[in-house]
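Asks: To start, I am sharing the structure in question, which I have written as structure tokens.
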Amino acid sequence: MKHKSKTAWAVITLGLLLAGCASKPPEPEWEMNAQGSSQKALDAYLSGNARVEKLEWERARAEVARTGRPDLLARVELLRCAAQVASLVVEPCTAFEALRQDAAAPERAYADYLAGKPLAAPDVALLPPAQRAVATAGAGSAALAGIEDPLSRLVAAGVLLQSGRADPVSIATATETASAQGWRRPLMAWLLLQVQRADGAGDKDAADRLRRRVAVVEQGGGASPNR
Numbered sequence: 001m002k003h004k005s006k007t008a009w010a011v012i013t014l015g016l017l018l019a020g021c022a023s024k025p026p027e028p029e030w031e032m033n034a035q036g037s038s039q040k041a042l043d044a045y046l047s048g049n050a051r052v053e054k055l056e057w058e059r060a061r062a063e064v065a066r067t068g069r070p071d072l073l074a075r076v077e078l079l080r081c082a083a084q085v086a087s088l089v090v091e092p093c094t095a096f097e098a099l100r101q102d103a104a105a106p107e108r109a110y111a112d113y114l115a116g117k118p119l120a121a122p123d124v125a126l127l128p129p130a131q132r133a134v135a136t137a138g139a140g141s142a143a144l145a146g147i148e149d150p151l152s153r154l155v156a157a158g159v160l161l162q163s164g165r166a167d168p169v170s171i172a173t174a175t176e177t178a179s180a181q182g183w184r185r186p187l188m189a190w191l192l193l194q195v196q197r198a199d200g201a202g203d204k205d206a207a208d209r210l211r212r213r214v215a216v217v218e219q220g221g222g223a224s225p226n227r
């Protein structure tokens, strides 16, 4: 799982944020520290450890702030908001928006994508490759199937849901993706969404089965899936 999380880091941030280049000697201390703290914060968020998540995001921001570059700080906030979208936390990415005017065009396009806004073709081309098909898809289950990285798949599923294009297969795919990775926070969010939909459809057997899965996750303790 750790390897996949590192892959997700590169995919979600377009490979731009704090990812050291092998051809460049050596990485500055702030960069290594910020990358390490951001990865720990991301892992903590997905597992539902709110205390560690908060501490590590603060450390990552502090390290990036040493550069005096708001465009880099905007990328940190974008990574955090992407993890929230993957976990169905639907709220404005206010920390990024405060830095938008200094953010690069790919980050602005990605922020709009995370918010479920329709994108023009030039902006779609600026998205991470894994997200481009989703940005232009109708119902998105086929587009999700082509995304190998688990976190990128969850982000894409969250975007589909926000934009009203998530079909039952997409939702099931997101649920099983979170389950396979043991990511408690997004798993709870997607399971509860499935419970709600099963109840709405009057499918008592499916709702009961899903509630049993929710109960198993809840027995592990940890933070609420919403924050």
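Mapping of the sequence shown onto our numbering: residues 1 to 227, in sequence order. Cβ atoms here follow ideal geometry from the backbone N, Cα and C, with glycine treated the same way.
Taking 6 Å as the limit between beta carbons, can you name the residues of its chain near Ser-141, skipping five residues before and five after?
Replies: Asp-167, Val-169 and Ser-170
Asks: Three or more C-beta pairs closer than 8 Å, one from the region 93-113 and one from the region 143-151: is that the case here?
Replies: Taking a contact to require three or more Cβ pairs closer than 8 Å, the region 93-113 and the region 143-151 do not qualify as touching.
Asks: From Trp-183 to Ala-86, what distance separates their C-alpha atoms?
Replies: 11 Å
Asks: Return the residue from the list Val-159, Arg-165 and Ala-103 that minimises the CA-CA distance to Ala-82.
Replies: Val-159
Asks: Rounded to the nearest angstrom, how far is the Cβ of Ala-41 from that of Glu-53, given a contact under 8 Å?
Replies: 5 Å
Asks: Taking buried to mean at least 16 other C-beta atoms within 10 Å of its own C-beta, is Val-105 buried or exposed?
Replies: For clarity, residue 105 is Ala in the given sequence; the question names Val instead. Exposed, by the Cβ-count rule.
Asks: With a threshold of 8 Å, are at least 3 pairs of Cβ atoms found where one atom belongs to the region 56-63 and the other to the region 72-80?
Replies: yes
Asks: Within the same chain, show all residues whose beta-carbon is closer than 8 Å to that of Arg-212, passing over the 5 residues directly before and after it, in chain order.
Replies: none
Asks: Round the Cβ separation of Val-217 and Val-195 to the nearest angstrom and send it over; I've been treating them as touching at under 8 Å.
Replies: Actually they are not in contact, since the Cβ atoms of Val-217 and Val-195 sit about 12 Å apart, beyond 8 Å.
Asks: Whose C-alpha, out of Gln-181, Leu-191, Asp-102 and Gln-162, is nearest the C-alpha of Val-90?
Replies: Gln-162
Asks: State yes or no: is the C-beta of Glu-107 within less than 7 Å of the C-beta of Leu-78?
Replies: yes
Asks: Buried or exposed for Gly-48, please, with buried defined as at least 16 other CB atoms from any protein chain shown within 10 angstroms of its CB.
Replies: It is buried - the Cβ of Gly-48 has at least 16 other Cβ atoms within 10 Å.
Asks: Quick check on this structure: which residue in Asp-199, Asp-102, Gly-220 and Ala-50 has the alpha carbon closest to the alpha carbon of Gln-84?
Replies: Ala-50
Asks: Distance check for Leu-191 and Ala-125, CA to CA, integer angstroms please.
Replies: Approximately 32 Å, taken between the alpha carbons.
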